[in-house]
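Colleague: Quick one: structure below, then a few questions.
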Amino acid sequence: MKKNIVFLCMGLFFCTPIWAQGTCFLAYENQTVLKHEGDECNQRYAPESTFKIALSLMGFDSGILKDALHPEWPYKKEYELYLNVWKYPHNPRTWIRDSCVWYSQVLTQHLGMKRFKNYVTAFHYGNQDVTGDKGQDNGLTHAWLSSSLAISPTEQNKFLQKIVYKKLPVSKKAFTMTKDILYIQELAGGWKLYGKTGTGRQLSADKSKKLPLQHGWFVGWIEKDGRVVTFVNHIADSKEKATFASFRARNDALIKLHYLINELEK
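Read in order, the letters of the sequence shown correspond to residues -20 to -1, 1 to 246 in mature numbering (1 follows the signal peptide of the UniProt record, and there is no 0).
The following block contains the structure:
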């Protein structure tokens, strides 16, 4: 008997269409392509806060991060502050939940440039460029934030598959704890959702200027009964918008994932 999964737009998310200049949605089960939509799946963009996934692996593998609640680091006035929720102490779980940039930057400073760069290289992460903004010497704290480091949706998906199938040179604990803090919620049919959003400004062709146009990510995987589907959703705006591109990328991806789950449950 076919299972019928009713699609419901949960109150937490908005059921609105996405209008963007460049889009890509990918969904893979192992090496099987379930969805490949859009025209920019090989175009590289800054990973923004989706890079926290890689940073989590680095942090737990190196021993700097201990578990989901430790270390808890305090907010300091000199930290960049874009959201009020960042003004409080954060631990690994709240770092991911609240997408706290300064926690990422404290973590990379504990790592140091040598270890940080070695991890990025070992992960084969995008263009592997951690130099940062041109002439600013800020790669250790800003390389992934609308700066030098860039990754395509296709590369993001390959990276996610290396995580779920444990094909990266990190400890078992690093995989386990990263998965733990990336958990978001249970979707229709009992599928568990893991993932991270990211948003930032698009760059000029030579990467010398940050444009007023946003781009946004929602990447991760869903799993149930041993089945794992990795997904990547990316949008690049063609005009200025007030809402965060990451929120729109997430909402759009959730709609696509619900339809995909309907197909998987047949």
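We treat Cβ as the ideally placed atom computed from N, Cα and C, and that holds for glycine.
Mind checking which residues open and close the beta strand (DSSP E) that includes LYS15?
Modeller: Looking at the DSSP string, the run of the beta strand (DSSP E) that includes LYS15 is 12 to 18.
Colleague: Could you check whether the Cβ of PHE103 sits closer than 7 angstroms to any heavy atom belonging to the ligand ATP?
Modeller: Among the components of this structure there are no ligands whatsoever, and the ligand ATP is therefore not found.
Colleague: Return the CA-CA distance between LYS152 and ASP205, expressed in angstroms with no decimal places.
Modeller: Between LYS152 and ASP205, the C-alpha separation is close to 21 angstroms.
Colleague: What would DSSP say about GLN141, mapped onto helix, strand or coil?
Modeller: Helix at GLN141.
Colleague: Name the two residues that bound the continuous beta strand (DSSP E) containing PRO192.
Modeller: From DSSP, the beta strand (DSSP E) with PRO192 extends over 190 to 204.
Colleague: Which residues in the same chain have their Cβ closer than 7 angstroms to the Cβ of LEU120, if we skip the five residues on either side of it in sequence?
Modeller: Here the set comprises THR88, GLN89, MET93 and PHE96.
Colleague: What residue range is occupied by the uninterrupted beta strand (DSSP E) comprising GLY180?
Modeller: Counting along the chain, the beta strand (DSSP E) containing GLY180 begins and ends at 172 to 183.
Colleague: Determine which residues share a DSSP beta bridge with ILE131 and list them.
Modeller: Answer is TYR25, bridged to ILE131.
Colleague: Can you tell me the Cα-Cα spacing of TYR68 and TRP53, whole angstroms?
Modeller: If you take the alpha carbons of TYR68 and TRP53, they lie about 9 angstroms apart.
Colleague: As a quick exercise: from PHE5, LYS15, ASN22 and GLY39, pick the residue whose alpha carbon is nearest that of THR156.
Modeller: Cα-wise, what sits closest to THR156 is GLY39.
Colleague: Touching or not, the segment 15 to 23 and the segment 70 to 82, by the rule of three or more beta carbon pairs under 8 angstroms?
Modeller: Segments in contact, no.
Colleague: DSSP puts GLY2 in a beta bridge; with which residues?
Modeller: Answer by DSSP bridge pairing, in chain order: ALA216.
Colleague: If you draw a straight line from the alpha carbon of VAL65 to that of ILE164, how long is it in whole angstroms?
Modeller: Taking the straight line from one Cα to the other gives about 18 angstroms.
Colleague: What would DSSP say about PHE224, mapped onto helix, strand or coil?
Modeller: Coil at PHE224, not helix or strand.
Colleague: Let me check one thing: in DSSP terms, what residues is ALA7 bridge-paired to?
Modeller: Per DSSP, LYS15 and PHE211.
Colleague: With a threshold of 16 other CB atoms inside 10 Å of the CB of HIS50, please say whether the residue is buried or exposed.
Modeller: By the neighbour-count rule (16 or more Cβ atoms within 10 Å), HIS50 is not buried but exposed.
Colleague: On the CB-based measure, 16 or more other CB atoms within 10 Å of its CB, does GLY196 come out buried or exposed?
Modeller: It is buried - the Cβ of GLY196 has at least 16 other Cβ atoms within 10 Å.
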